[in-house]
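Enquirer: Per this note's numbering, residue 1 is the first one in the sequence shown, and the count goes up by one each step. Below is one structure. I have some questions about it.
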Amino acid sequence: MIYTEIENLTAPIGVFDSGVGGLTVLNRLLKVLPEQSYIYLGDTARVPYGNKSKETVQQYALQCSQFLVEQGAKLIVVACNTASAVALDYIRNLIPIPIIGVIDGAAEVAANVTKNLSIGVIGTKATIRSEAYKKAIVEHSTKEVSITSVACPLLVPIVEENWQYHPSTELIIAEYAKILHQNSIDTLVLGCTHYPMLKQQFMKEFPGVTLVDCGQSTAEIVRKIVPIPTRSNQETKDSTTRVEFYITDNDSNFPKIAQTFLGFEPEKIQTIDIDSVNKTTN
Ligand code: DGL
Numbered sequence: 001m002i003y004t005e006i007e008n009l010t011a012p013i014g015v016f017d018s019g020v021g022g023l024t025v026l027n028r029l030l031k032v033l034p035e036q037s038y039i040y041l042g043d044t045a046r047v048p049y050g051n052k053s054k055e056t057v058q059q060y061a062l063q064c065s066q067f068l069v070e071q072g073a074k075l076i077v078v079a080c081n082t083a084s085a086v087a088l089d090y091i092r093n094l095i096p097i098p099i100i101g102v103i104d105g106a107a108e109v110a111a112n113v114t115k116n117l118s119i120g121v122i123g124t125k126a127t128i129r130s131e132a133y134k135k136a137i138v139e140h141s142t143k144e145v146s147i148t149s150v151a152c153p154l155l156v157p158i159v160e161e162n163w164q165y166h167p168s169t170e171l172i173i174a175e176y177a178k179i180l181h182q183n184s185i186d187t188l189v190l191g192c193t194h195y196p197m198l199k200q201q202f203m204k205e206f207p208g209v210t211l212v213d214c215g216q217s218t219a220e221i222v223r224k225i226v227p228i229p230t231r232s233n234q235e236t237k238d239s240t241t242r243v244e245f246y247i248t249d250n251d252s253n254f255p256k257i258a259q260t261f262l263g264f265e266p267e268k269i270q271t272i273d274i275d276s277v278n279k280t281t282n
């Protein structure tokens, strides 16, 4: 893959998702690229993306990307599997900075870690329908693999509702898990960035199965593209001041979930009107 040259090295990295899910990727970015600044956009007014058409998700992803470009981002991480599955090429054609998706890295990890060659993939309806993971896993596999894909549309609202520990969550996961158990998977791709927030519940439902999420692999891909700053321009900042947070509707659990998941209280979360973002690029 060829990326355009990153011009302003000190500019922030833009990260977006439909809601809180992208925080699982931001969390890894903060660890793997600790010297960088970030702008996080959660499109909380329009979550979930996963039940919407490809065309709608493409428009949403474009608007989010345009907003991040307007804020001065030097690179965008699409911290959303749904948008990565259906809108990556679309926004790459319209946005003049490097755009990194989350699917390829996780697919490569899954292809490398499976031993019995039976891999499960769970994600939103749009991600599963796109078969983006299936194609990427097959591309990275040297042997023939069996892939069982299951759409789990109820899990994103559960996470956005902060219901991880509600008794109904385990029952819903168990229902989605049936076909994955039948096919004896040894590796499960959490193909939605919201799902790592249910990691404990998945570990309980799938003992002995390797869980793969896209946070670490995506952060490692970004590390290869964004140069490590020389000592002279390397500032040490703590996480609180390194991320600017934006959401598109403030009636959400975003602040609470962000604090629990990231381990620090976001200094300021600003609400923006995403429809006011320029509708045309160039
Ligand atoms: N977290 C996103 C994903 O990875 C979006 C889920 C949704 O909005 O439906 O797919």
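Ideal Cβ positions, reconstructed from N, Cα and C, are used throughout, including at glycine.
1. Does the ligand DGL have even one heavy atom less than 7 Å from the beta-carbon of Pro48?
2. To the nearest angstrom, how far is the alpha carbon of Ile247 from that of Lys143?
3. Could you pull out every residue in the same chain whose Cβ sits closer than 6 Å to the Cβ of Leu180, ignoring the five residues on either side in sequence?
4. For Tyr40, which three-state DSSP category applies?
5. Cutting at 6 Å between CB atoms, please list the residues of its own chain near Thr210, excluding the five before and the five after it.
6. Between the beta-carbon of Ile295 and the beta-carbon of Val222, is there less than 8 Å?
7. Using only alpha-carbon positions, find the residue among Asn162, Ala132, Ile13 and Pro12 that is nearest to Ala87.
8. Does the ligand DGL have a heavy atom nearer than 7 Å to the CB of Gly215?
9. Near Asn8, what residues of its chain come up, given a Cβ to Cβ distance below 8 Å and the 5 sequence neighbours on each side ignored?
10. Quick one: is the Cβ of Thr127 within less than 7 Å of any heavy atom of the ligand DGL?
11. Measuring only the C-alpha atoms, how far is Leu94 from Ala79?
12. Does the beta carbon of Gly123 fall short of 7 Å from some heavy atom of the ligand FMN?
13. So for Ile269, helix, strand or coil by DSSP?
14. Work out the CA separation of Tyr195 and Leu68 for me, nearest whole Å.
15. Buried or exposed for Ala174, please, with buried defined as at least 16 other CB atoms from any protein chain shown within 10 angstroms of its CB.
16. Once DSSP output is grouped into helix, strand and coil, what is the label at Ile97?
17. Locate the alpha helix (DSSP H) running through Ile221, then write down its first and last residues.
18. Take the Cβ of Leu285 as the centre, count every other Cβ of all protein chains shown within 10 Å, and call the residue buried at 16 or more, exposed below.
19. Within 7 Å: the Cβ of Cys152 and any heavy atom of the ligand DGL?
Expert: The structure says:
1. yes
2. 43 Å
3. Gly120 and Thr148
4. strand
5. Val113 and Thr187
6. Since the displayed the chain opens at 1 and closes at 282, residue 295 lies outside it and no answer follows.
7. Ala132
8. no
9. Gly72 and Lys74
10. yes
11. 18 Å
12. The model on display carries the ligand DGL but not the ligand FMN.
13. strand
14. 24 Å
15. exposed
16. coil
17. Cys214 to Ile225
18. Because the chain in this structure spans residues 1 to 282, residue 285 falls outside the shown range and cannot be described.
19. no
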